[in-house]
């Protein structure tokens with residue numbers, strides 16, 4: 004298993020930020036290098052489902068279920084776990100954390116654990132996933148600028 008964690012400071016109270024993790028944000032975060040469509044997006048709470056279909060460069064489906072969500076005095080989060088993953092992924096767990104810094108600033112933390120079909124794929128996936136998620140830092144800062 005491999006682990007990637009990216010943290011981004013954004014404007015806004017953590018409870019307001021987590022409510023904006025919706026379809027619009029999901030569409031904004033879509034990777035520019037891959038053409039995709041959102042087949043189903045029911046939300047970011049336990050029991051919800053996200054189904055995306057990559058159309059290029061390779062056609063593949065990705066389905067994740069939201070397996071947990073919580074809001075407490077310091078942070079809010081939800082976790083998506085892959086149930087149907089594109090080759091060569093074997094395991095995917097992504098915890099989306101919004102942690103309070105002050106009343107008007109928060110950390111968004113993408114906490115990702117993944118595994119490929121074998122150790123070679125796992126090692127090759129690391130830079131691809133890191134580079135796929137790193138642009139989210141800029142997108143988050145822009146998206147939540149006026150929160």
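Residue numbers (our numbering): 4 to 150.
Ideal placement from N, C-alpha and C gives every residue a C-beta, glycine not left out.
All values reported here derive from a predicted model rather than from experimental measurement.
| query | result |
| --- | --- |
| Looking at the secondary structure, which residues open and close the beta strand (DSSP E) in which residue 156 lies? | Outside the shown range of the chain, which is 4 to 150, sits residue 156, and nothing can be said about it. |
| When you compare only the Cα positions, how much space is there between residue 15 and residue 77? | 14 Å |
| Kindly indicate which residue of 6, 7 and 13 has the alpha-carbon position closest to the one of residue 106. | 13 |
| Between the stretch 119-131 and the stretch 91-107, can you find at least three pairs of beta-carbon atoms closer than 8 Å? | yes |
| Taking C-alpha atoms, which residue in 5, 7, 11 and 4 lies nearest to residue 147? | 11 |
| Which first and last residues belong to the alpha helix (DSSP H) in which residue 18 is found? | 17-22 |
| Taking only three categories from DSSP, how would you classify residue 3? | The first residue shown for the chain is 4 and the last is 150, placing residue 3 beyond what the model contains. |
| Measuring only the C-alpha atoms, how far is residue 124 from residue 75? | 37 Å |
| Mind checking whether residue 49 and residue 30 have CB atoms under 8 Å apart? | no |
| Starting from residue 116, trace the beta strand (DSSP E) in both directions and tell me its first and last residue. | 108-119 |
| Check whether the Cβ atoms of residue 132 and residue 115 sit closer than 8 Å, and answer yes or no. | yes |
| Which residues in the same chain have their Cβ closer than 7 Å to the Cβ of residue 98, if we skip the five residues on either side of it in sequence? | 80, 82 and 114 |
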